[in-house]
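*Asks:* Let me give you the structure first, and then I'll get to my questions.
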């Protein structure tokens, strides 16, 4: 489904124009560069992909929180914190994808590193960590704990980070495994995409504690949103991923539906049609799921829907590594 179709499906009247958010997103980027805590910019400054992703992450963060800001429920500090948590996904993803070689760094060593990261999230590390990436999530987790709603959603926050890190470890373990199939790929890729981390940051800064008893419904919504974003990501970046030798849902969908690997490029239109159908099924599930969340003013539902609309729209124009705030049509 294209972004305009999704707008109509979810009943969102105004079609998203990313250019209208460039000004506010630009302020997020400037704030990152000038943050009194230098670790946030240090974590992206020397990392090519996360640095290139900063403008796109800022745009999506602004769009996700648009209704919450307009309703006066979230201030600029809340949007900035959610932006930083979302940016963290790109930082740790590049670290695992590009910095680590399974022939050199074992899965056990990566698991130990991820456990240190979880300890930082849980507040079990008293002093500022020396490792920049662990320091980044340690600082953000401490900031989240200052919000009154943190206790209500701590379990979801820690679970979201844990699932993302575990998904990345499993993808690392399966890297190059010819036996991987669409189902086990999506099981880990749904978690490793990390969208639930940013969504939970939004949930905490929004502060709607009436949702404290709806953890199960929220988790279901997270899984659905993550699947939609994974399919959208894979359709938008498959050419680069193929060049890098990575597996995506496109190749595995082709495999599942009987398209030989040597016919993949010839049958690409059919493969894309299959993946769009899989994504559309998840979109219908999300609309049903939203009925059971029932946040105040439907604001958290707007965050979930806007996450989908923002990412799908972005991949129609560019991707997270190529979109600039001053680019035509950005």
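Residue numbers (our numbering): 22 to 351. All residues carry an ideal CB built from backbone N, CA and C; glycine is no exception. These numbers come from a predicted model, not from an experiment.
Please return the same chain residues whose Cβ sits closer than 7 Å to the Cβ of residue 317, not counting the five positions on each side in sequence.
*Replies:* As a working mapping, residue 317 is identified with position 296 in the chain shown. 229, 231, listed in sequence order.
*Asks:* Taking the alpha-carbon positions, what's the residue 284 to residue 253 distance?
*Replies:* Taking the chain shown and counting its residues from 1, one reaches residue 284 at position 263. Taking the chain shown and counting its residues from 1, one reaches residue 253 at position 232. If you take the alpha carbons of residue 284 and residue 253, they lie about 22 Å apart.
*Asks:* For residue 206, I'd like the list of residues in its chain whose CB is within less than 6 Å of its CB, leaving aside the five on either flank, ordered along the chain.
*Replies:* Numbered from 1 along the chain shown, position 185 holds the residue referred to as residue 206. Contacts found: 273.
*Asks:* Give me the residue from 157, 84, 213 with the minimum Cα distance to residue 248.
*Replies:* Residue numbering aside, residue 248 sits at position 227 when the chain shown is read from its first letter. If we check each option's Cα against that of residue 248, 213 comes out closest.
*Asks:* Buried or exposed: residue 350, going by 16 or more other Cβ atoms within 10 Å of its Cβ?
*Replies:* For the purposes of this step, residue 350 is taken as residue 329 along the chain shown, with counting starting at 1. Residue confidence for residue 350 is low, a pLDDT of 35 falling below 50, so the modelled location carries little weight and cannot support an answer.
*Asks:* Near residue 211, which residues of its chain fall below 8 Å by C-beta distance, leaving aside the five closest residues on each side in sequence?
*Replies:* Here the question's residue 211 lines up with position 190 in the chain shown. The residues are 188, 244, 247, 248, 251.
*Asks:* For residue 29, which three-state DSSP category applies?
*Replies:* Here residue 29 corresponds to residue number 8 of the chain shown, with the count starting at 1. Residue 29 falls in the helix class under three-state DSSP.
*Asks:* Which parts of the segment 267-322 are runs of the alpha helix (DSSP H), unbroken and 4 residues or longer, counting only runs that do not cross its ends?
*Replies:* Segments of the alpha helix (DSSP H) lying fully in the segment 267-322: 270-277, 289-311.
*Asks:* Going by C-alpha to C-alpha distance, which of 65, 313, 137, 123 sits closest to residue 234?
*Replies:* Locating residue 234 in the chain shown gives position 213, counting from the first residue. That would be 313, whose Cα lies nearest to the Cα of residue 234.
*Asks:* Kindly indicate which three-state DSSP category residue 346 falls into: helix, strand or coil?
*Replies:* Residue mapping note: residue 346 aligns to position 325 of the chain shown, counting from 1. Low per-residue confidence applies at residue 346: pLDDT is 46, beneath 50, and the placement is therefore not dependable enough to give any value.
*Asks:* Using the C-alpha atoms, what's the distance from residue 311 back to residue 174?
*Replies:* Within the chain shown, numbered from 1, the residue matching residue 174 stands at position 153. Within the chain shown, numbered from 1, the residue matching residue 311 stands at position 290. Straight-line Cα distance between these residues: approximately 18 Å.
*Asks:* List the endpoints of the continuous alpha helix (DSSP H) containing residue 141.
*Replies:* In the chain shown, residue 141 corresponds to position 120, counting from 1. That run of the alpha helix (DSSP H) goes 128-142.
*Asks:* Is it the case that the segment 156-164 contacts the segment 94-110, given that we only count it when at least three CB pairs across the two stretches are under 8 Å?
*Replies:* Cβ pair count under 8 Å is three or more, so yes.
*Asks:* Between residue 115 and the rest of its own chain, which residues show a CB-CB distance below 7 Å, the 5 nearest in sequence each way excluded?
*Replies:* Locating residue 115 in the chain shown gives position 94, where the first residue counts as 1. Only 68, 70, 71 meet the Cβ criterion.
*Asks:* Alpha carbons only, please: which of 177, 180, 83, 99 is nearest the one belonging to residue 43?
*Replies:* Start at 1 with the first residue of the chain shown, and residue 43 comes out as number 22. The candidate whose alpha carbon is nearest that of residue 43 is 83.
*Asks:* Report the three-state DSSP secondary structure of residue 188 (helix, strand or coil).
*Replies:* Within the chain shown, numbered from 1, the residue matching residue 188 stands at position 167. Residue 188 falls in the helix class under three-state DSSP.
*Asks:* By a C-beta neighbour count over all protein chains shown, 10 Å radius and 16 as the cutoff for buried, is residue 286 buried or exposed?
*Replies:* Within the chain shown, the letter at position 265 stands for residue 286. It is exposed - the Cβ of residue 286 has fewer than 16 other Cβ atoms within 10 Å.
*Asks:* Where does residue 23 land, buried or exposed, given buried means 16+ other C-beta within 10 angstroms?
*Replies:* As a position in the chain shown, residue 23 is number 2, starting the count at 1. Residue 23 should be labelled exposed.
*Asks:* Where does residue 329 land, buried or exposed, given buried means 16+ other C-beta within 10 angstroms?
*Replies:* Here residue 329 refers to the residue found at position 308 when the chain shown is read from its first residue. By the 10 Å Cβ count, residue 329 comes out buried.
*Asks:* Write down the C-beta distance between residue 8 and residue 157 rounded to the nearest angstrom, noting that I regard them as a contact closer than 8 Å.
*Replies:* Because the chain in this structure spans residues 22 to 351, residue 8 falls outside the shown range and cannot be described.
*Asks:* Start and end of the alpha helix (DSSP H) containing residue 156?
*Replies:* Locating residue 156 in the chain shown gives position 135, counting from the first residue. Note, residue 156: alpha helix (DSSP H), 153-166.
*Asks:* Excluding five sequence neighbours on each side, which residues of the same chain lie with their C-beta closer than 7 Å to the C-beta of residue 191?
*Replies:* If you number the chain shown from 1, residue 191 lands on position 170. Same-chain partners within the cutoff: 209.
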